[in-house]
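J.: Residue numbers for the sequence shown, in this note's numbering: 5 to 167.
No residue lacks a Cβ here, since even glycine has one placed at the ideal position from N, Cα and C.
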Amino acid sequence: MKRYSDKTIMVTGGGGGIGRAISLRLADEGGAIAVLDKNGEAADETVRQVEAAGGRAETVNADITDWDSVQIAVTEAEQALGALDGLINNAGWALRGSVEDTAPDEWDKEISVNLRGHFLCAKAVLPGMVARGHGVIVNIGSVNGFVRSAVPAIAPPRPGFTA
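Dropping the structure here:
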């Protein structure tokens, strides 16, 4: 029996990069994977790769910064794959450039994706996990949280990004 047989895990940002790698690895270990991404085509590609390797996965298209979208995504994932046993909060977005070159809406996007998005996803899956008496939530950070930022204005709140 594989490590994650009979487990259903949602991976945010699963459409590419580290999120795709996590999805593929968890599926290889027997997990059913809800691949959540704002980019549905990218999520579909991850699902194709999981299925080609003999795994089970479902695309869940959602904007993690929107509460209604996240709630719908969790419902769709559970209807397709079963109750969620795990959440990998992997989706992220990083500012590039100096404070002078950063628009306020770009700053808002970073906070919204990297903090609010992870909070909303955890909030959406937690009631089911508590009711079932088990579940795991993993929040992925980035090396950007530990190195000097190109945007010095984010240095004070950085612990909120990678605790």
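For R120, which of helix, strand or coil comes out of DSSP?
T.: If you number the sequence shown from 1, residue 120 lands on position 116. R120 falls in the helix class under three-state DSSP.
J.: So, under 8 Å CB-CB, T69 and A47 are touching, yes? Tell me the CB distance rounded to an integer number of Å.
T.: What you label residue 69 is simply residue 65 of the sequence shown in a count that begins at 1. What you label residue 47 is simply residue 43 of the sequence shown in a count that begins at 1. Rounded, the Cβ-Cβ distance is 16 Å, inconsistent with contact.
J.: Round the Cβ separation of E82 and L88 to the nearest angstrom and send it over; I've been treating them as touching at under 8 Å.
T.: For the purposes of this step, residue 82 is identified with residue 78 of the sequence shown, where counting begins at 1. For the purposes of this step, residue 88 is identified with residue 84 of the sequence shown, where counting begins at 1. Right, the Cβ-Cβ distance comes to about 6 Å (below 8 Å), so this counts as a contact.
J.: Decide if T79 is buried, meaning its Cβ has at least 16 other Cβ atoms within 10 Å, or exposed.
T.: Your numbering for residue 79 matches position 75 in the sequence shown. Counting Cβ neighbours within 10 Å, T79 comes out exposed, since fewer than 16 surround it.
J.: Just reading off the beta strand (DSSP E) that D41 is part of, what are its end residues?
T.: In the sequence shown, the residue the question calls residue 41 occupies position 37. It spans A36 to D41 - the beta strand (DSSP E) in which D41 sits, taken as one unbroken run.
J.: Three-state secondary structure (DSSP) at G90?
T.: Within the sequence shown, numbered from 1, the residue matching residue 90 stands at position 86. Strand.
J.: Would you be able to state if there are at least three C-beta pairs under 8 Å between the segment 10-23 and the segment 38-57?
T.: At 8 Å Cβ cutoff, the stretches touch.
J.: Inspect the beta-carbon positions of I76 and A61 and report whether they are closer than 9 Å.
T.: For the purposes of this step, residue 76 is identified with residue 72 of the sequence shown, where counting begins at 1. For the purposes of this step, residue 61 is identified with residue 57 of the sequence shown, where counting begins at 1. No; because the gap between Cβ atoms is not below 9 Å, this pair is not in contact.
J.: Output the boundary residues of the beta strand (DSSP E) element that contains A61.
T.: Looking up residue 61 in the sequence shown gives position 57. Run containing A61: R60 to N65, per the beta strand (DSSP E) assignment.
J.: From this set, S102, G34, A126 and W71, which residue's C-alpha is nearest L85's C-alpha?
T.: Walking along the sequence shown from the start, residue 85 turns up at place 81. Per the Cα distances, G34.
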